[in-house]
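As structure tokens, the structure follows; a few thoughts come after it.
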Amino acid sequence: GAMAPGKKITARIKRTLPVKGPQAPTLSELMRWYCLNTNTHGCRRIVVSRGRLRRFIWILLTLSAVGLILWQCAELLMNYYSASVSVTVQFQKLPFPAVTICNINPYKYSSMTDYLSELDKETKKALETFYGFSEGKSKVRRSVDEWNSTGSDFFKQIPLLKFEDFSKTATDLRSGQKRKIEGSVFHKDSSIVNSGDSNDIIGFQLCDANNSSECALYTFSSGVNAIQEWYKLHYMNIMAQIPLETKEKLSYSADDLLLTCFFDGLSCDKRHFTLFHHPLHGNCYTFNSGENGTILSTSTGGSEYGLQVVLYIDEADYNPFLVTSTGAKIIVHDQNEYPFIEDIGTEIETAAATSIGMHFTRSRKLSKPYSDCTETGADIPVENLYNKSYSLQICLHSCFQKAMVDSCGCAQYAQPLPAGAEYCNYKKNPNWMYCYYRLHEKFVKEQLGCQQICKDACSFKEWALTTSIAQWPSTVSEDWMLRVLSWDKGQKINKKLNKTDLANLMVFYKDLNERFISENPANTLVILLSNFGGQLGLWMSCSVVCVIEIIEVFFIDSLFIVMRRQWQKAKKWWNDQKRDRSGKTQQGRDLERQGHDNPVCIDEDLPTFNTALRLPLPQDNPLPRTPPPNYSTLRLETAFTEQLPDTLEVGQH
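As numbered in full-length UniProt numbering, residues 1 to 653 make up the sequence shown, in order.
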């Protein structure tokens, strides 16, 4: 049987024009052409393999190879932003860090009497009521003017309470009366609660000044902790109202704190120390603060070449309720860093020589996209209140202080003041303590969002400290040393110094090895491309040219074929629509068509007898009839000039 006309045309095109690549009429033709001509051998094997099993195995192998390539390349991309850590150790002359020293007791107790007498009287009364403890004669002076009245009112509002067996029945410290306490309970020492013993618990209640039914109850399983926390709360209220200049005078001067000083084998004095006032620790002094533009360095390791100071602690002038330990606190830090003594300070004990050996490490992390650290803190939406270089600690404290000002209308005493704010005190902000405690609770539970906003710094310096302690002065040298030191102290002290008032401190580099820990990109673009090439070569024997070929065939050419097919379909549909609309008007004209104009006869090949018999009849139009021949055309032109009479008759008939 002969082919249908449409297939015949397609076959003829293929014969005359060897179709390749994007000119291929169908996607399957394109894929076959690609498999026969590509460099990737797996695809070629699929087409040329004989037998279904072998072809199936090659299809499976090729698809597995493609899958492995995609998986390995995805792994390479995911690991592109990984960093390798390198540690470099170099021996060199090291800059000496800043060393900030504070007395554990912030202000001289003798100079604070005017401010604290009312609070101390109240605290002693609590001790007497709850523990039957009495000092005998009260040492507290009563010459208090304005603090007296406001203080009393305040202590009435927030008294110390004693609770029986974890119930909500409490004994009021002032009146001694029992009353029921409402509000949620926050146990501050929950980890050390005595569940077996029916010990009484001490605490205090803070209520919302605007809504007295909103209360929070803070309880402590240890009376010491309760009294200290309650004392500190009122103490901060009082200190917030005293101006900074006055506070500096109430605290220790450099002459008070420093007895002797040596650095790098040479004598030094108070001129080498810079005053730094800390809200919780009073006057602190920073050695080598770099304020005058010069930073001291040390050329040799060992205790002889570091900083050596003898500190005068003066234990007799300590506040008995605010601090319960004796000594000094020190912190080693960079000149641009803020010293967070309350968080990470090291305590130095009295009547001892404390040696602190240091190892210096500089660290540098890669910023985005390798890690989530910040270079300068400029990209973090928290104002730096400390006027020092960025650190995570600074960010967290600044964030909390901002939240405090926004929520409570005033700033917390332990941190620097934001612009336009003032410290909280009960005269101006009667609600601040309840507000502060609730806010701090949210901060600790990470509900304020500060921990989410604040990031680590990318580069930081760290001094790892090793502390060792020896008894000092020794029993045999104690007598003469104390006499000489008392003499050095001169007219300021008329009595012989007590060794429990002194602390000897040495800070030095154990060695001058600087460790530098840095992160470097584990991958570069060149390495990534090489790894890609390795994967493609291993699994598909493929190169960059091959990848371009895949893109061309599978994306550009395939898309072209699909679009061409869609265009042809759309064109055909449009022509059909057009024919339907103009069908009725054409009907009349079609009746007059001649036989050779019959649309079903149009073909590039001339019809033979057989093909003509097979032509389908048009469905809608009646078949145009072939007109009878014009017989005059059958007249024979011959060589004869005359015609026979009988033929002539037939012609005229």
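Think of the CB as a built atom: it goes at the ideal place given N, C-alpha and C, for glycine as much as any other residue. The structure presented is a predicted model; accordingly, all values stated were derived computationally and were not measured.
Given Ser-289 as reference, the closest of Thr-246, His-333, Asp-317, Ser-267 once Cα atoms are compared: His-333
Can you tell me whether residue 655 is buried or exposed? The criterion is at least 16 other CB atoms within 10 Å of its CB, across all chains shown. Residue 655 lies beyond the range of the chain shown here (1 to 653); nothing can be said about it.
Less than 8 Å between the beta carbons of Ser-251 and Gly-282, yes or no? yes
Where Glu-462 sits in the DSSP three-state scheme: strand
Span of the beta strand (DSSP E) holding Ser-355? 352-364
CA-CA distance, Ile-9 and Gly-51? 32 Å
Take every Cβ of the region 477-488, pair it with every Cβ of the region 266-273, and state whether three or more of those distances are shorter than 8 Å. no
Under the rule that 16 or more other beta-carbon atoms within 10 Å means buried, what is Gln-308, buried or exposed? buried
Looking at the strands, I want to know which residues DSSP matches up with Ser-297. Pro-95
Suppose you measure from the CA of Leu-536 to the CA of Tyr-386; what does that come to, to the nearest Å? 55 Å
What does a CB cutoff of less than 8 Å around Ile-69 pick up in its chain, not counting 5 residues either side in sequence? Gln-535, Leu-536, Trp-539, Met-540
For Lys-428, count the other beta carbons within 10 Å of its own beta carbon; 16 or more makes it buried, fewer makes it exposed. Which is it? exposed
Report, in whole angstroms, the separation of the C-beta atoms of Arg-483 and Lys-499, which I expect to be a contact under 8 Å. Contact flag wrong, Cβ pair sits at about 12 Å.
Spatial distance of Leu-296 from Leu-485 (CA atoms): 27 Å
Mapping the DSSP letters down to three states, classify His-281 as helix, strand or coil. In the structure shown, His-281 sits in coil (DSSP, three-state: anything other than H, G, I, E or B).
Residues in its own chain within less than 6 Å of Tyr-423 by CB, not counting five upstream and five downstream? Ala-240, Ala-411, Tyr-413
Contact defined as beta carbons within less than 8 Å: I believe Leu-94 pairs with Phe-360. What is the distance between those atoms, to the nearest angstrom? At roughly 6 Å, the Cβ-Cβ gap stays under 8 Å, so Leu-94 and Phe-360 are in contact.
Distance, Cα to Cα, Cys-373 vs Pro-418? 25 Å
Which same chain residues end up closer than 8 Å to Gly-301 when comparing Cβ atoms and leaving out the 5 residues on each side of it in sequence? Phe-508, Tyr-509, Lys-510, Asp-511, Leu-512.
Quick check on residue 657: buried or exposed, where buried means 16 or more other Cβ atoms within 10 Å of its Cβ? An answer regarding residue 657 cannot be provided, because it is not within the stretch 1 to 653 covered by the chain.
Reduced DSSP secondary structure (H/G/I, E/B, other) of Thr-88: strand
C-alpha gap between Glu-29 and Val-562, whole angstroms: 13 Å
Sort Ser-407, Asp-255, Thr-354, Asn-225 by Cα distance to residue 654 and report the nearest one. The first residue shown for the chain is 1 and the last is 653, placing residue 654 beyond what the model contains.
Just how far apart, CA to CA, sit Leu-505 and Ile-104? 15 Å
Taking the Cβ atom as the reference point for each residue, do Thr-274 and Thr-286 lie within a distance shorter than 8 Å? yes
Assigned secondary structure, Arg-515 (DSSP; H/G/I helix, E/B strand, else coil): Strand, per DSSP.
At least 3 beta-carbon pairs within less than 8 Å: the region 110-126 vs the region 549-557: no
Locate the alpha helix (DSSP H) running through Val-405, then write down its first and last residues. 392-408
Span of the alpha helix (DSSP H), counted from its first residue to its last, around Lys-442: 432-444
Residues of its chain near Lys-7, where Cβ-Cβ distance is below 6 Å and the 5 sequence neighbours each way are ignored: The answer is none, since no qualifying residue turns up.
Use the C-beta contact count for Ala-11: other C-beta atoms within 10 angstroms, 16 or more gives buried, fewer gives exposed. exposed
Which residues does DSSP list as the beta-bridge partners of Asn-504? Val-310, Ala-353
Quick check on this structure: which residue in Cys-102, Ile-453, Tyr-80 has the alpha carbon closest to the alpha carbon of Pro-381? Ile-453
Nearest-angstrom Cα separation, counted from Val-310 out to Met-481: 12 Å
Taking His-234 as the reference, which of Pro-369, Ser-110, Glu-118, Val-544 has the closest Cα? Glu-118
Here's a check: name, in chain order, each residue in its chain whose Cβ is nearer than 8 Å to the Cβ of Asn-79, leaving out the five neighbours to either side. Ala-522, Asn-523
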